[in-house]
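Protein chains in written order, with my numbering: chain U, 19 to 360; chain B, 19 to 360; chain Z, 19 to 360; chain E, 19 to 360. Glycine included, every Cβ here is placed at the ideal spot set by N, Cα and C. Since this is a predicted model, take the numbers as computed values, not measurements. Presented below is the structure to which this report refers.
Structure representation (structure tokens):
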């Protein structure tokens with residue numbers, strides 16, 4: 019069976035990545051694409067790399083007949099998202115890529131996003147979309163809240179360790195390196211090629227990055243008590259990819275075994291042999307996450323390094339993985355594309 | 019039906035690209051991989067981005083049982099290739115990616131490659147692998163000679179124009195911009211990131227690039243008389259992609275119509291509306307070739323710009339397209355992957 | 019003696035490059051910096067790479083006391099420039115980096131820039147700032163019009179050849195590759211790192227680029243009859259540098275000798291031995307222009323390749339070279355910085 | 019007075035960077051350049067970006083008349099260096115850029131570099147070349163051992179904090195991001211543009227990087243007791259620059275004040291206002307080091323971020339700074355070049 023798919027917010031990078039992946043998905047067909055300011059344009063005009071596809075023209079959201087849609091991806095900015103979804107049919111299956119339904123506690127949402135949540139009822143219904151840890155809920159869910167891309171990377175490195183109690187919960191440090199597509203198609207001076215290429219800097223440092231809200235919520239839930247990590251993202255001169263260097267206190271071998279066991283049956287999470295560490299180059303454009311563990315020369319300290327593609331496993335690939343579950347399709351369908359190297 | 023595939027020379031970029039594409043090809047299964055110096059290693063050790071695949075270990079060519087192989091891709095260096103292929107079973111279907119069987123005239127081979135051809139008999143059997151123009155021969159062929167990546171780009175821009183007689187044959191100029199993966203995994207100072215990034219230079223300028231041999235052969239054949247083009251490649255700080263800026267003397271509108279008509283039914287060749295010009299970013303990682311035409315302010319002069327991915331449409335994607343034909347599979351099978359952007 | 023320098027438009031790349039170069043210029047001291055929207059900020063806030071310098075705060079132009087200024091660099095957008103300069107003191111020495119005073123014929127200005135020139139009287143006074151060819155006029159000049167960066171590159175390759183009559187004036191083709199800083203600090207999607215890196219495309223193709231106005235004016239003047247060249251710029255994923263591949267019809271050796279002789283005493287123009295071709299990497303950040311010549315396999319055709327840094331020799335370095343002349347300082351003062359490699 | 023300078027190992031990146039900087043140094047003149055395998059070539063052949071300079075031809079070390087040399091920079095690989103320096107005149111002033119004389123304890127040298135030190139007597143004479151902390155010794159020294167580039171970055175962030183006792187000495191973590199020129203002109207697959215660009219990975223992780231030897235030696239010396247830090251370098255797709263993210267336990271404001279006070283009179287070290295964090299883009303090509311401090315949301319934790327250019331302040335700029343002291347020249351001479359941006 020082929021499902022009819024709508025994508026709201028198709029003119030951004032995650033929207034385009036959804037189209038790229040669905041282009042070869044055997045059971046999804048795009049029947050509606052929205053883009054507010056670019057309504058009326060063809061997708062080929064907005065993203066010429068999709069020129070070969072036969073796609074519907076971009077429209078405004080109100081022009082879409084959702085009764086003809088089996089599942090709707092929502093790739094809109096936060097805040098806008100909650101307003102839009104509140105107006106959509108209440109039985110429409112939705113996979114959201116924004117931050118609006120990730121935080122269960124409205125107070126946390128307001129704290130990290132600077133404004134009150136206006137769709138608190140919907141929030142109660144939302145399922146946190148970290149597929150590997152919420153599979154059953156996602157299968158039964160109607161509104162899936164895709165995770166932050168950094169939040170996903172850190173959680174893949176840490177959740178099994180926190181759950182197993184093999185690391186010190188009070189001294190976890192995530193030093194993260196992120197490619198620029200995570201910032202979206204934003205017109206900012208520091209995202210210009212002339213200013214970004216050839217250098218690096220931190221951003222949202224000092225415990226200010228919004229994905230900390232997700233870390234707090236999820237790690238505390240797993241641990242059964244409050245967990246607060248340190249988290250510093252850096253912007254790198256690369257388009258795709260996140261590498262999270264996670265410093266923990268615990269036995270490196272046990273850390274490795276714990277991750278290996280946790281992910282042994284996961285199709286997209288690959289734990290490297292002990293001591294091997296991954297590169298973002300090896301997952302570009304794919305839905306895979308590679309994870310490595312190494313010990314330090316100082317006994318009792320270990321490092322977990324996790325890499326994934328922020329646009330794929332970190333957002334649009336994850337979204338399709340979740341949509342597959344929601345639609346009852348085999349989870350990996352359309353997502354086994356190999357990474358692109360070089 | 020699933021065909022058993024061998025790849026000789028799997029430790030180079032075109033070999034790895036073949037594996038990447040076959041990974042999601044529904045009718046091909048890799049059963050043998052060779053790499054001379056890296057025999058004994060796993061593909062994941064040589065190319066960790068292929069870590070998720072279940073692949074045979076790398077072996078030496080002599081260890082392969084070719085009776086269990088339906089088709090063999092040969093991604094070896096030139097000169098070595100002719101020796102290797104001469105020793106393979108005479109009925110084995112082969113798609114070669116090297117330069118060894120592209121030039122029909124052994125004297126031309128010697129002129130451009132600096133040594134006599136040692137498998138002249140095999141050369142007679144070889145079919146030039148520019149799929150769109152040699153489809154019928156390829157379907158019937160046993161040994162297909164993949165084209166040069168630059169040679170493919172220039173021919174897509176020019177063949178229909180030469181055939182139709184709509185441009186001056188004595189004043190054709192191809193100024194080409196190429197990404198660095200075309201140089202292969204060669205350890206040369208000027209290919210280091212520190213030396214290549216952030217700048218550009220010409221190479222093999224002044225009529226010395228070997229792909230001129232292919233241009234001469236093919237354009238003269240199409241024209242029915244000798245055609246000699248000017249051709250200057252430039253190396254750009256990008257990994258994939260070729261952009262050929264082709265300057266011709268002729269009517270721009272007629273040039274555009276001629277190309278549009280020639281390629282109207284081609285699945286991989288896309289002619290843009292008149293005046294639109296393509297970008298290499300829009301074909302990265304895909305088997306598509308985008309072509310644009312514009313006129314100059316000087317009457318009677320036109321410019322054709324063609325882009326393709328040197329590793330895909332320029333070599334490994336083309337090779338699979340040819341292999342599909344040789345095996346009797348639908349030509350586009352496994353090749354409809356969308357480009358990756360950004 | 020140390021001269022007091024004002025820079026109008028200091029918040030753009032050419033403004034910043036002026037500051038970078040003047041930082042180690044022994045006879046210039048910056049006493050005023052303007053930036054309209056960023057007035058009130060420090061230069062370190064706008065350009066942290068200049069943090070170590072003791073610079074005046076950014077102000078609006080009207081706040082500058084020009085009686086205390088010996089020379090004013092004007093790095094403002096075109097159109098704005100002519101209005102601003104018209105209001106400046108009539109005896110103030112000005113080196114302009116915009117396009118406003120490059121074209122002597124107001125009709126040509128209107129044709130290429132889409133609006134009538136509003137300071138035609140000033141235009142009469144302006145000296146075209148291609149230093150090597152207008153030295154005497156510049157020394158005596160008050161208002162110097164810096165050239166376009168592409169226009170400079172093409173002229174260095176061609177002026178001596180046109181003057182000497184050694185090439186066919188009706189068949190000159192400039193295929194130019196430009197780094198992105200030439201587009202300025204403009205917030206455009208296609209200048210974002212995510213969209214520009216890793217690929218290339220043409221822009222202003224088909225005889226539409228504004229620097230053609232300069233080529234037409236200067237080449238026709240040198241030739242004593244109308245000369246119209248073909249000119250196609252390409253945007254490359256690099257920050258600095260222009261490489262112009264210039265195709266001419268003429269004897270390659272004579273072309274080389276003509277350039278070698280023309281530039282034998284030039285401090286910044288370096289002609290390579292015959293057959294050697296330059297790289298943009300070798301002039302980055304410097305005021306040098308490297309030029310190479312090679313013949314084609316087709317007799318009577320030659321290629322001249324010229325490289326320079328668009329921000330230095332192509333604009334701000336050229337501007338300082340001109341300012342040195344205007345102020346009576348030795349021409350190379352402050353400009354002998356070696357390129358930066360890698 | 020102008021000093022006669024020899025550079026041994028002029029064909030590598032640090033050798034070339036020495037030449038670049040000395041090109042505009044008013045009191046140094048290069049009179050000898052060595053390069054073993056490239057002896058006989060001109061510097062312009064090896065590094066065309068130095069084409070405009072009038073430099074001596076490359077020779078073998080034995081061909082240099084050291085009686086005509088006032089100071090010798092040694093930019094050779096480790097191990098080779100100790101052999102070469104042992105054979106040089108015993109009164110020759112030497113600034114070494116290798117690792118051979120950095121570690122005072124020969125056992126430590128053997129531990130980190132895998133072989134016994136063969137010039138132990140010379141080691142006793144060597145002065146550790148971190149200029150800002152060894153100024154007086156360097157002024158009186160004959161053989162100065164330049165620091166590792168990563169080691170310099172970490173020390174600039176940490177030495178004053180360790181000396182002042184304002185941070186926990188048992189929980190210091192340096193997550194470092196390095197550009198590729200630090201790896202030298204080595205022909206390795208992972209340094210190719212095709213493999214390095216667009217991604218990142220760790221290297222020498224887990225307490226294996228050799229610069230830990232310097233950290234151990236220096237931090238323990240400053241603290242008066244053993245100090246062992248965690249240190250993980252990452253390779254980034256950029257040519258120049260190091261960013262060290264240093265995680266410490268201590269009061270952020272006191273950390274900031276300590277650094278600000280320590281460096282208030284330093285010409286090259288710039289501490290940003292509290293909460294401001296630096297970018298590698300702002301020091302490229304210069305001898306400056308920018309340092310920022312921020313607190314974490316978790317009380318009692320702070321982050322120090324230091325950036326410098328590995329080829330300049332991290333090696334060749336530092337070397338010239340040291341040479342200035344050795345020669346009795348003003349310390350900043352020739353080193354005030356502004357960074358290059360973009």
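Whose Cβ in chain E lies nearer than 9 Å to the Cβ of residue 355 of chain Z?
-> By 1-based counting over the third chain, the position of residue 355 of chain Z is 337. Within chain E, the residues near residue 355 of chain Z are 38, 41, 42, 355.
Return the residues of the region 236–251 of chain U that lie within a Cβ-Cβ distance of less than 8 Å from chain E, sorted by chain order.
-> 246, 248, 250
Alpha carbon to alpha carbon, what distance is there between residue 358 of chain B and residue 60 of chain U?
-> Translated into the one-based positions of the first chain, residue 60 of chain U becomes position 42. Translated into the one-based positions of the second chain, residue 358 of chain B becomes position 340. In a straight line, the C-alpha of residue 60 of chain U is about 19 Å away from that of residue 358 of chain B.
Can you give the Cα-Cα distance for residue 31 of chain U and residue 64 of chain U, rounded to whole angstroms?
-> By one-based count along the first chain, residue 31 of chain U stands at place 13. By one-based count along the first chain, residue 64 of chain U stands at place 46. Between residue 31 of chain U and residue 64 of chain U, the C-alpha separation is close to 11 Å.
Where does residue 205 of chain U land, buried or exposed, given buried means 16+ other C-beta within 10 angstroms?
-> Here residue 205 of chain U corresponds to residue number 187 of the first chain, with the count starting at 1. The residue is exposed, with fewer than 16 neighbouring Cβ atoms inside 10 Å.
Taking the Cβ atom as the reference point for each residue, do residue 233 of chain Z and residue 169 of chain Z lie within a distance shorter than 8 Å?
-> Counting from 1 along the third chain, the entry for residue 233 of chain Z is found at position 215. Counting from 1 along the third chain, the entry for residue 169 of chain Z is found at position 151. In this structure, residue 169 of chain Z lies closer than 8 Å to residue 233 of chain Z by Cβ.
Between residue 231 of chain U and the rest of its own chain, which residues show a CB-CB distance below 6 Å, the 5 nearest in sequence each way excluded?
-> Here residue 231 of chain U corresponds to residue number 213 of the first chain, with the count starting at 1. Cβ within range, chain order: 121, 126, 130.
Just confirm the distance between the C-beta atoms of residue 28 of chain E and residue 51 of chain E, as a whole number of angstroms; I'd bet it's less than 8 Å.
-> Within the fourth chain, residue 28 of chain E is the residue found at index 10, counting from 1. Within the fourth chain, residue 51 of chain E is the residue found at index 33, counting from 1. Indeed they touch by this definition, with Cβ atoms about 4 Å apart.
Among residues of its own chain, excluding the 5 on either side of residue 94 of chain E, which ones have a beta-carbon nearer than 7 Å to its beta-carbon?
-> Residue mapping note: residue 94 of chain E aligns to position 76 of the fourth chain, counting from 1. Around residue 94 of chain E: 26, 27, 102, 116.
Going by DSSP, what residues sit across from residue 313 of chain U in a beta bridge?
-> Here residue 313 of chain U is taken as the residue at index 295 of the first chain, counted from 1. Answer is U:320.
Determine the DSSP secondary structure at residue 263 of chain B, reduced to helix, strand or coil.
-> One-based indexing of the second chain puts residue 263 of chain B at position 245. Three-state result, residue 263 of chain B: strand.
Mark residue 139 of chain U as exposed unless 16 or more other C-beta atoms lie within 10 angstroms of its C-beta, in which case mark it buried.
-> Within the first chain, the letter at position 121 stands for residue 139 of chain U. By the 10 Å Cβ count, residue 139 of chain U comes out exposed.
In whole angstroms, what is the alpha-carbon distance linking residue 216 of chain B and residue 56 of chain E?
-> Here residue 216 of chain B refers to the residue found at position 198 when the second chain is read from its first residue. Here residue 56 of chain E refers to the residue found at position 38 when the fourth chain is read from its first residue. If I take the Cα positions, the gap works out to 26 Å.
Would you kindly report the start and end of the unbroken beta strand (DSSP E) that includes residue 288 of chain E?
-> As a first step, residue 288 of chain E must be located in the fourth chain, where it is residue number 270. First-last of the beta strand (DSSP E) with residue 288 of chain E: 287–289.
Would a C-beta distance cut-off of 8 Å place residue 339 of chain E and residue 305 of chain E closer than the cut-off?
-> Counted from its first residue, the fourth chain places residue 339 of chain E at position 321. Counted from its first residue, the fourth chain places residue 305 of chain E at position 287. Contact flag set, yes.
Run the CB neighbour count on residue 172 of chain Z, radius 10 Å, all protein chains shown included, and call it buried at 16 or more, exposed below.
-> On the third chain, residue 172 of chain Z is found 154 positions in, with the first residue counted as 1. By the 10 Å Cβ count, residue 172 of chain Z comes out buried.
In whole angstroms, what separates the C-alpha of residue 333 of chain Z from that of residue 53 of chain Z?
-> Here residue 333 of chain Z corresponds to residue number 315 of the third chain, with the count starting at 1. Here residue 53 of chain Z corresponds to residue number 35 of the third chain, with the count starting at 1. So the two alpha carbons sit approximately 18 Å from each other.
Assign residue 275 of chain Z to one of three DSSP states: helix, strand, or coil.
-> Here residue 275 of chain Z refers to the residue found at position 257 of the third chain. Note: residue 275 of chain Z maps to helix in three-state DSSP.
Kindly give me the distance between the Cβ atoms of residue 277 of chain Z and residue 266 of chain Z, rounded to whole angstroms, as I take these residues to be in contact under 8 Å.
-> By one-based count along the third chain, residue 277 of chain Z stands at place 259. By one-based count along the third chain, residue 266 of chain Z stands at place 248. Not quite, the Cβ-Cβ distance comes to about 11 Å (not below 8 Å), so this is no contact.
Taking just the CA atoms, how far does residue 145 of chain E sit from residue 348 of chain E?
-> Residue mapping note: residue 348 of chain E aligns to position 330 of the fourth chain, counting from 1. Residue mapping note: residue 145 of chain E aligns to position 127 of the fourth chain, counting from 1. The straight-line gap from Cα to Cα measures roughly 19 Å.
Would you check if the distance between the CB atom of residue 219 of chain Z and the CB atom of residue 295 of chain B is smaller than 8 Å?
-> Start at 1 with the first residue of the third chain, and residue 219 of chain Z comes out as number 201. Start at 1 with the first residue of the second chain, and residue 295 of chain B comes out as number 277. Their beta carbons are under 8 Å apart, which means residue 219 of chain Z touches residue 295 of chain B by this criterion.
Euclidean distance between Cα positions of residue 62 of chain E and residue 68 of chain E | Translated into the one-based positions of the fourth chain, residue 62 of chain E becomes position 44. Translated into the one-based positions of the fourth chain, residue 68 of chain E becomes position 50. Whole-angstrom Cα-Cα distance: 6 Å.
In whole angstroms, what separates the C-alpha of residue 254 of chain B from that of residue 309 of chain Z?
-> For the purposes of this step, residue 254 of chain B is taken as the residue at position 236 of the second chain. For the purposes of this step, residue 309 of chain Z is taken as the residue at position 291 of the third chain. If I take the Cα positions, the gap works out to 19 Å.
Does the region 318–328 of chain E come within contact of the region 196–214 of chain E, defined as at least 3 CB pairs closer than 8 Å?
-> yes
With a 10 Å radius around its C-beta and 16 neighbouring C-beta atoms as the bar for buried, classify residue 114 of chain E as buried or exposed.
-> Numbered from 1 along the fourth chain, position 96 holds the residue referred to as residue 114 of chain E. Under this definition residue 114 of chain E is a buried residue.
Is residue 176 of chain B closer than 8 Å to residue 264 of chain B when the C-beta atoms are compared?
-> Position 246 of the second chain, counting from 1, holds the residue named residue 264 of chain B. Position 158 of the second chain, counting from 1, holds the residue named residue 176 of chain B. Yes; because the gap between Cβ atoms is below 8 Å, this pair is in contact.
When burial is assigned at 16 or more other CB atoms within 10 Å of the CB, is residue 183 of chain E buried or exposed?
-> As a first step, residue 183 of chain E must be located in the fourth chain, where it is residue number 165. Classification of residue 183 of chain E: exposed, given that the 10 Å Cβ count is below 16.
Excluding the 5 residues preceding and the 5 following residue 78 of chain B in the sequence, name in chain order all residues of the same chain whose CB lies nearer than 7 Å to its CB.
-> Locating residue 78 of chain B in the second chain gives position 60, counting from the first residue. Answer for residue 78 of chain B: 52, 54, 57, listed in chain order.
Taking Cβ-Cβ distances below 8 Å as the criterion, which residues of the region 20–31 of chain Z are in contact with chain E?
-> 31
Mind checking which residues open and close the alpha helix (DSSP H) that includes residue 100 of chain Z?
-> Working through the third chain from its first residue, we reach residue 100 of chain Z at position 82. Unbroken alpha helix (DSSP H) run through residue 100 of chain Z: 98–105.
In chain E, what lies closer than 8 Å to residue 191 of chain U by C-beta?
-> As a working note, residue 191 of chain U is residue 173 in the first chain. By Cβ distance, chain E contributes 191, 265.
Exposed or buried, which one is residue 256 of chain B when buried takes at least 16 other CB atoms within 10 Å?
-> In the second chain, counting from the first residue as 1, residue 256 of chain B sits at position 238. Residue 256 of chain B comes out buried.
Hey, would you say residue 313 of chain Z sits closer than 8 Å to residue 179 of chain Z, going by beta carbons?
-> On the third chain, position 295 is the one that residue 313 of chain Z refers to. On the third chain, position 161 is the one that residue 179 of chain Z refers to. Their beta carbons are not under 8 Å apart, which means residue 313 of chain Z does not touch residue 179 of chain Z by this criterion.
Residues that DSSP places opposite residue 112 of chain B in a beta bridge | As a position in the second chain, residue 112 of chain B is number 94, starting the count at 1. B:90, B:161, per the DSSP bridge assignment.
Terminal residues of the beta strand (DSSP E) in which residue 23 of chain U lies | The sequence position of residue 23 of chain U within the first chain is 5, counting from 1. Looking at the DSSP string, the run of the beta strand (DSSP E) that includes residue 23 of chain U is 21–26.
Cutoff 6 Å; reference residue 341 of chain E; Cβ partners in own chain excluding five residues on either side | For the purposes of this step, residue 341 of chain E is taken as the residue at position 323 of the fourth chain. Excluding positions up to five away in sequence, the list reads 89, 113.
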